[in-house]
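As numbered in mature numbering (1 follows the signal peptide of the UniProt record, and there is no 0), residues -30 to -1, 1 to 307 make up the sequence shown, in order.
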Amino acid sequence: MKTTKRTFFKSLAAVSICALFGFNASPVYSSSEAPMKLGFLVKQPEEPWFQTEWAFADKAAKDLGNVQIIKIAVPDGEKTLNAIDNLAANGAKGFVICTPDPKLGPAIMAKARSYDLKVIAVDDQFLNAAGEPMTNVPLIMMAATEIGQRQGEELYKEMQNRKWDVKDTAVLAITADELDTARRRTEGSIEALIKAGFPKEKIYKSPTKSNDIPGALDAANSMLVQHPEIKNWLVVGMNDNTVLGGIRATEGQGFKPENVIGIGINGTDAVNELSKPKATGFFGSLLPSPDVHGYRSTEMLYKWIKDGVEPPKYTPIGDPVLLKRENFKEELLKKGL
Ligand code: FCA
């Protein structure tokens, strides 16, 4: 206590002396310097996936020291552009963003540039006016095709475990092709199913209007009613919510869990479902690394601003773990989730 007091008075004295002689006193008070402010903007904060990214952005900020993360929900274009104005007004130096619409890429970059803010895209890649990926903006995302392929392989494996007859079985693929990462995941999944031997003509695609459970439920319902001959369904979708919508539709139409296999992607958003006392048609979920996405993107942005270290243009994050009812708690714990 005494030493703290003494140091405090010493510093105070130093500051007064500096002030007296017109020196810059800031080095004495370096720990009380204003924190570096970084934005972390996400399109769907209701998804645990994005909450996890936020939590790990905060963790990175804590480890880096004197960094503050400004978290903003950006469900549409207007909110996104307003958020960038607010960040600039608050003195932020840059932001990480999962955009609500990849086509906002040029507008986001123009606004960011006008304020001299650095930008890292996470999860969803920006598209330019011609609809091509903006490869000059650093991007960190899960390896989309690969995770999709894994979904297809695991679905096929579980179908074989259950000894289903392929002739009574079909694939319900709920698609969201406007979002490139979604398209690549579902295409990867379909490709893997065909490669494993699933008949191509029994893979039925149904586009969802929105990337949430209600949207996917509608898309699935309209496909299920068209195929009353099918006894067993494999459900493909770009993330947990999409597959969950599909599962809810099969339940609504009277299918038993034994006749449905759905495997989601994200993991974090499947915890409630996998915790249910009785198994549903939702067999499991592929958990990539939202922790790494949140942590690494923040760290990259910090180093870019502080030390001028430009992040790589593309950082793919791979190696998902398959969460099932029996292992999900343990697997999530291993990652500190
Ligand atoms: C997209 C999806 C999210 C998550 C993320 C990694 O943004 O919408 O659910 O899967 O990619």
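C-beta atoms are modelled at their ideal positions from N, C-alpha and C, and glycine is treated no differently.
Simplified DSSP state of residue i, which is helix, strand or coil
i: LEU64; result: The question names Leu, yet the displayed sequence has Gly at residue 64. Of the three classes helix, strand and coil, the one that applies to GLY64 here is strand, per DSSP.
i: PHE(-10); result: The predicted model places PHE(-10) with a pLDDT of 35, which falls under 50 and marks its position as unreliable, so this point remains unresolved.
i: THR105; result: coil
i: TRP24; result: helix
i: ILE117; result: helix
i: ILE217; result: helix
i: residue 308; result: With the chain represented from -30 up to 307, any question about residue 308 goes unanswered, as that position is not in the structure.
i: LEU257; result: strand
i: VAL44; result: coil
i: ILE200; result: coil
i: MET193; result: helix
i: PHE225; result: coil
i: GLY278; result: coil
i: residue 308; result: Nothing about residue 308 can be read from this structure; the chain reaches only from -30 to 307.
i: THR250; result: coil
i: LYS133; result: coil
i: PHE168; result: coil
i: MET112; result: strand
Span separating the alpha-carbon of residue i from that of residue j
i: LEU293; j: ALA162; result: 19 angstroms
i: LEU142; j: GLY101; result: 28 angstroms
i: GLU300; j: GLY306; result: 10 angstroms
i: PRO(-4); j: PRO5; result: Annotation note: pLDDT 34 at PRO(-4) (below 50); position unreliable, no value reported.
i: ILE217; j: ALA43; result: 28 angstroms
i: LYS175; j: ARG155; result: 13 angstroms
i: ASN297; j: LEU303; result: 10 angstroms
i: ILE173; j: ALA140; result: 6 angstroms
i: LYS32; j: ALA25; result: 11 angstroms
i: GLU280; j: ASP28; result: 21 angstroms
i: ASP135; j: ASP261; result: 39 angstroms
i: ALA166; j: GLN119; result: 11 angstroms
i: GLY222; j: ARG295; result: 22 angstroms
i: LYS127; j: PHE168; result: 11 angstroms
i: LYS273; j: ARG132; result: 50 angstroms
i: LYS248; j: LYS226; result: 12 angstroms
i: MET270; j: GLN130; result: 43 angstroms
i: ALA110; j: LEU125; result: In the sequence on display, residue 110 carries Ile and not Ala. Using only the alpha carbons, I get a separation of about 27 angstroms.
i: LYS170; j: PRO286; result: 29 angstroms
i: SER259; j: GLY288; result: 8 angstroms
i: ILE144; j: ALA190; result: 7 angstroms
i: THR268; j: ASN36; result: 13 angstroms
Cβ pair residue i, residue j closer than 8 angstroms
i: ALA99; j: PRO72; result: no
i: THR220; j: VAL213; result: no
i: ASN69; j: GLY264; result: Note on identity: in this sequence residue 69 is Thr, with Asn being the wrong assignment. No. Outside cutoff.
i: GLY215; j: LEU256; result: no
i: ASP138; j: ILE183; result: no
i: PRO282; j: ILE117; result: no
i: LEU74; j: GLY9; result: no
i: residue 315; j: VAL206; result: This structure cannot speak to residue 315, because the chain is shown only from -30 to 307.
i: ILE40; j: LYS7; result: yes
i: LEU87; j: LYS49; result: no
Contacts around residue i, its chain only, beta-carbon distance under 6 angstroms, and the 5 residues preceding and following it disregarded
i: ASN236; result: TRP19, ASN209, ASP210
i: GLY234; result: ASP210, VAL213, ALA240, SER255
i: ASN181; result: ALA146
i: ARG83; result: none
Residues near residue i by beta carbon distance below 8 angstroms, same chain, minus five either side
i: MET79; result: VAL89, PHE96, MET104, VAL107
Distance cut-off 7 angstroms: residue i Cβ against heavy atoms of the ligand MG
i: GLU124; result: Ligands present in the displayed structure are limited to the ligand FCA, and the ligand MG is not among them.
Residues of its chain near residue i, where Cβ-Cβ distance is below 7 angstroms and the 5 sequence neighbours each way are ignored
i: LYS13; result: VAL44, PRO45, CYS68, THR69, PRO70
i: SER192; result: SER176
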